[in-house]
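Participant: I am attaching a structure below and will ask some questions about it afterwards.
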Amino acid sequence: MNEEPASRSVSRRNLLKRVIHGLGVTLALGHVIPRVQAEERDVSKSETDRLIVHVVRPLDAETPVQEFASYLTPNSRFFVRSHFGPPPAELLFDPNWRLRVCGMVDRPLTFTLKELKQCEEVAVTAVVQCSGNGRAFHRPKVPGVQWERGAVGNARWTGVRLRDVLAEVGVQAGAYHVQFQGADRPVVASVPLFTRSIPLEKALHPDTILAYEMNGRPLPLLHGAPLRVITPGWMADSCTKWLTDITVQAEEAQGYYMQTAYRVPTTPVEQGTAASGQSIPVEAMVVKSLVAAPQEGETVKSGPVTIQGVAWGGEVKVAKVEVSLDEGRTWETARLVGEDHPYAWRQWQLVWKAETAGTFTILCRATDARGAAQPAATPWNPSGFLWNGWDRVTITVAA
């Protein structure tokens, strides 16, 4: 797609400025305009065409795995997932935006973004991953967006601790869950809202934050601006975007997206059958690794070939990554490289001496600090959640 002419881009910015002035928020222009411009870039085709689009509206798109050679996933290349799409940008970047905190609290309060920032600012580098990442590899296939390998990313999130906000309102005895509601809305009123909750224990963890920056920039619209929840080590369904309401309560959130969707059975399910019996919410990630290079179908020269990728373990650190080139009969331990943070992924490398021409399949598996290792294939479940089977990349060694 051709780039938009500079004159048209400037004209659009001028229009935005006039609209905002007309709303009487002139004093906020220094804060609002750069963010609106950033959101224009984030939702433009020139940015999202780097992603693998599965659904256009709402946009569901994954990151090409070769992008994971970078430790931090750039905002414009970070996978995008939502059920209804983002709310209108003008609603979220309005200086009248508020976060309401209520329920089983001593002092229900409403916060502006400026007031939230009076709390201590913290940052956490963490993987955010869609619960359905890898769903396309389940057999038999299950319904839903057929994510393959790239519905995941690693970013540095900056914001304030959720527990500091809860301390301001005072959590009452008997409260065990914290419910989140975002500003996104379904097109059809009869469709349930995307309402989720997390246990109070996770909400009070010092690393659970309300984020307003992503990789050092204001949170993009597609990723939850102006405020989203980050629950490090847990799947993205707990990381509510476009956050407007927090409710402290005794029970889990009710409704479809907590009591029906985003749940996994507690006992094995026969392949191809509907879930029956008890289930639990999807929460913590499972240990997983991916090959970022070489790429699927690539032809490499004989001699030393650097195989590299990433691995993560959710709330548990990665202890080792192993690579096989003989369908799992033998494994060689890769070298962990780069930065090491509790909830972030680890980069890894292994130099393979490719001496024979032909087709080879690279397998990788990670093991976490508790000894949990990636299985060859993930047990089937009717929603296709938590896939962490061995990653497979087939390449050709040239003669």
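Numbering (my numbering), first residue to last: 1 to 399.
Every residue, glycine too, gets a C-beta built ideally from N, C-alpha and C.
Can you tell which of Lys-114, Leu-162, Ala-398 has its C-alpha closest to the C-alpha of Val-124?
Facilitator: The residue with the shortest Cα to Cα distance from Val-124 is Leu-162.
Participant: What does the alpha-carbon distance come out to for the pair Lys-317 and Leu-290?
Facilitator: C-alpha separation (whole angstroms): 16 Å.
Participant: Compare the Cα-Cα distances from Thr-110 to each of Gly-389, Thr-247, Gln-308, Pro-268 and report the closest residue.
Facilitator: Comparing Cα positions, the closest option is Thr-247.
Participant: Could you name the residues that DSSP lists as bridge partners for Pro-247?
Facilitator: It is Thr, not Pro, that sits at residue 247 in the sequence shown. In the DSSP output, where bridge partners are listed per residue, Thr-247 has Cys-102, Gln-179.
Participant: Got a sec? Which residues, its chain only, sit under 7 Å from Glu-296 by beta carbon, not counting five neighbours each side?
Facilitator: The residues are Val-393, Thr-394.
Participant: In whole angstroms, what is the alpha-carbon distance linking Ala-400 and Gly-170?
Facilitator: This structure cannot speak to residue 400, because the chain is shown only from 1 to 399.
Participant: Helix, strand or coil: how does DSSP classify Asp-164 here?
Facilitator: Helix.
Participant: Given a cut-off of 7 Å on the beta-carbon distance, is the pair Trp-390 and Gln-271 in contact?
Facilitator: No, the pair does not count as a contact, with Cβ atoms beyond the cut-off.
Participant: For Asn-96, is the classification buried or exposed, using 16 other Cβ atoms within 10 angstroms of its Cβ as the cut-off for buried?
Facilitator: Its Cβ having fewer than 16 others within 10 Å, Asn-96 is exposed.
Participant: Quick check: what's the CA-CA separation for Met-104 versus Val-145?
Facilitator: Distance between the alpha carbons of Met-104 and Val-145: 36 Å.
Participant: Of all the options Ser-324, Thr-273, Ala-354, which has the alpha carbon lying nearest to the alpha carbon of Thr-299?
Facilitator: Measuring from the Cα of Thr-299, the nearest candidate turns out to be Ala-354.
Participant: Between the alpha carbons of Arg-346 and Pro-375, how many angstroms are there, rounded?
Facilitator: Those two C-alpha atoms are separated by around 19 Å.
Participant: Here's the rule: buried if 16 or more other CB atoms are within 10 angstroms of the residue's CB, otherwise exposed. What is Val-188?
Facilitator: When all chains shown are included, Val-188 counts as exposed.
Participant: Pair every Cβ in the segment 300-315 with every Cβ in the segment 276-287, then say whether three or more of these pairs are closer than 8 Å.
Facilitator: Yes: the two stretches touch, three or more of their Cβ pairs being nearer than 8 Å.
Participant: List the endpoints of the continuous beta strand (DSSP E) containing Lys-288.
Facilitator: Lys-288 -> beta strand (DSSP E) spans 288-293.
Participant: Give the DSSP-derived three-state secondary structure of Asp-184 in the structure shown.
Facilitator: Asp-184: coil per DSSP, three-state reduction.
Participant: To which residues of the same chain is Asp-164 closer than 6 Å at the C-beta, ignoring the five residues directly before and after it?
Facilitator: Hits under 6 Å: Cys-119.
Participant: Quick check: is any heavy atom of the ligand ZN less than 6 Å from the C-beta of Ala-373?
Facilitator: Among the ligands in the structure shown, none appear at all, so the ligand ZN cannot be discussed.
Participant: If you drop the 5 nearest sequence neighbours on each side, which residues of the same chain put their C-beta closer than 7 Å to that of Thr-240?
Facilitator: So the list reads Phe-180, Gly-182, Arg-196, Arg-228, Val-229, once near-sequence residues are dropped.
Participant: Note down, in chain order, each residue of its chain lying with its Cβ closer than 6 Å to the Cβ of Trp-234, except the 5 sequence neighbours on either side.
Facilitator: Here the set comprises Glu-283, Ala-284.
Participant: Are the beta-carbon atoms belonging to Gly-153 and Phe-78 less than 7 Å from one another?
Facilitator: Yes, they are a contact pair.
Participant: Which value, in whole angstroms, describes the spacing of the CA atoms of Glu-213 and Gln-66?
Facilitator: C-alpha separation (whole angstroms): 24 Å.
Participant: How many Å lie between Ala-319 and Pro-88 at the Cα?
Facilitator: C-alpha separation (whole angstroms): 43 Å.
Participant: Please name the residue, chosen from Thr-158, Glu-315, Gln-129, Tyr-176, that lies closest to Phe-385 on a Cα-to-Cα basis.
Facilitator: Minimum Cα distance to Phe-385 is reached at Gln-129.
Participant: Assuming Gly-338 contacts Tyr-71 under a Cβ cut-off of 8 Å, what Cβ separation, rounded to an integer in Å, is found between them?
Facilitator: Confirmed, Cβ separation roughly 6 Å.
Participant: Given a cut-off of 7 Å, decide if Val-323 and Glu-332 are closer than it, judged by their beta-carbon atoms.
Facilitator: Cβ distance < 7 Å, so Glu-332 and Val-323 count as in contact.
Participant: Using the rule of at least 16 other Cβ atoms within 10 Å of the residue's Cβ for burial, across every protein chain shown, is Gly-224 buried or exposed?
Facilitator: Buried: at least 16 other Cβ atoms inside 10 Å.
Participant: For Pro-382, count neighbouring C-beta atoms within 10 Å of its own C-beta (all shown protein chains included) and say buried if the count is 16 or more, exposed if not.
Facilitator: When all chains shown are included, Pro-382 counts as buried.
Participant: I'd like to confirm the pairing. Which residues does DSSP put opposite Asn-154 in its beta bridges?
Facilitator: Its beta-bridge partners are Val-127.
Participant: How should Lys-117 be labelled, buried or exposed, when 16 other C-beta atoms within 10 angstroms of its C-beta is the threshold for buried?
Facilitator: It is exposed - the Cβ of Lys-117 has fewer than 16 other Cβ atoms within 10 Å.
Participant: Alpha helix (DSSP H) containing Tyr-256: first to last residue?
Facilitator: Taken as a continuous stretch (DSSP letters only), the alpha helix (DSSP H) holding Tyr-256 covers 256-259.
Participant: Counting along the chain, where does the beta strand (DSSP E) carrying Ala-311 start and finish?
Facilitator: Counting along the chain, the beta strand (DSSP E) containing Ala-311 begins and ends at 303-312.
Participant: Look at the alpha carbon of Ala-377 and the alpha carbon of Val-142, and state the distance between them as a whole number of angstroms.
Facilitator: Whole-angstrom Cα-Cα distance: 15 Å.
Participant: The alpha helix (DSSP H) spanning Lys-114 covers which residue range?
Facilitator: 113-116 is the extent of the alpha helix (DSSP H) around Lys-114.
Participant: Let me know if Ser-276 comes out buried or exposed under the rule of 16 or more other beta-carbons within 10 Å of its beta-carbon.
Facilitator: Its Cβ having fewer than 16 others within 10 Å, Ser-276 is exposed.
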